[in-house]
Amino acid sequence: MKKIISTVFAAGLVLSVNAPAFADVIEGNWKTESGETAAISKCGGSFCIKLKTGKYAGKSIGKMKGAGGSYTGTVTDPADNKQYSGSAKVGGSNLKLKGCALKIFCKTQNWKKI
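This note's numbering numbers the first residue of the sequence shown as 308 and each following residue consecutively.
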């Protein structure tokens with residue numbers, strides 16, 4: 308009996324060590340409103356947004372914290388490098404990204420998961 312329990316425990320340990328970590332819903336590639344592709348990935352305890360295509364490819368344009376579909380942080384306009392307070396909400400394959408200056412002047416974009 309001890310041998311069976313040891314074998315089952317060892318198999319479970321191997322599976323848990325080799326199992327991939329689950330990605331958060333915000334992670335992945337997103338098509339922006341202007342047609343570029345933005346990649347959102349883990350970076351430390353946050354999620355970093357980086358443009359993959361277009362005129363500003365390679366540029367970091369945001370950093371968010373959160374989980375389960377609701378995030379806050381900063382977004383950067385790649386054209387002028389101005390940084391704004393931001394938020395993001397994920398619903399299915401849609402991401403609603405909002406950036407605000409002075410919490411009054413806000414702009415919202417809707418991105419699609421690709």
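C-beta: ideal position from N, C-alpha, C; glycine also.
Owing to the predicted nature of the structure, the values given are computational and were not obtained by experimental measurement.
For residue i versus residue j, is the C-beta distance shorter than 7 Å?
i: G369; j: I356; result: yes
i: S394; j: K420; result: no
i: Y391; j: G373; result: no
i: S377; j: K396; result: yes
At which residues does the beta strand (DSSP E) containing residue i begin and terminate?
i: K357; result: S353 to L358
i: K420; result: F412 to K420
i: K349; result: T344 to C350
Pull up the CB-CB distance for residue i and residue j, whole angstroms please, since I reckon it's below 8 Å.
i: S348; j: G380; result: Actually they are not in contact, since the Cβ atoms of S348 and G380 sit about 14 Å apart, beyond 8 Å.
i: T360; j: T344; result: 5 Å
Does residue i come out as helix, strand or coil in the three-state DSSP assignment?
i: T383; result: strand
i: S394; result: strand
i: N388; result: coil
i: L404; result: strand
i: S367; result: strand
i: T339; result: coil
i: A299; result: Examination of residue 299 is not possible in this model, given that the chain is present from 308 through 421 alone.
i: K372; result: strand
Hey, is residue i close to the ligand ADP, as in C-beta under 6 Å from one of its heavy atoms?
i: I411; result: No copy of the ligand ADP occurs in the structure displayed, which carries no ligand at all.
With a threshold of 16 other CB atoms inside 10 Å of the CB of residue i, please say whether the residue is buried or exposed.
i: G398; result: exposed
i: I333; result: buried
i: T415; result: exposed
i: K404; result: Position check: residue 404 holds Leu in this sequence, whereas Lys was assumed. By the neighbour-count rule (16 or more Cβ atoms within 10 Å), L404 is buried.
i: L409; result: exposed
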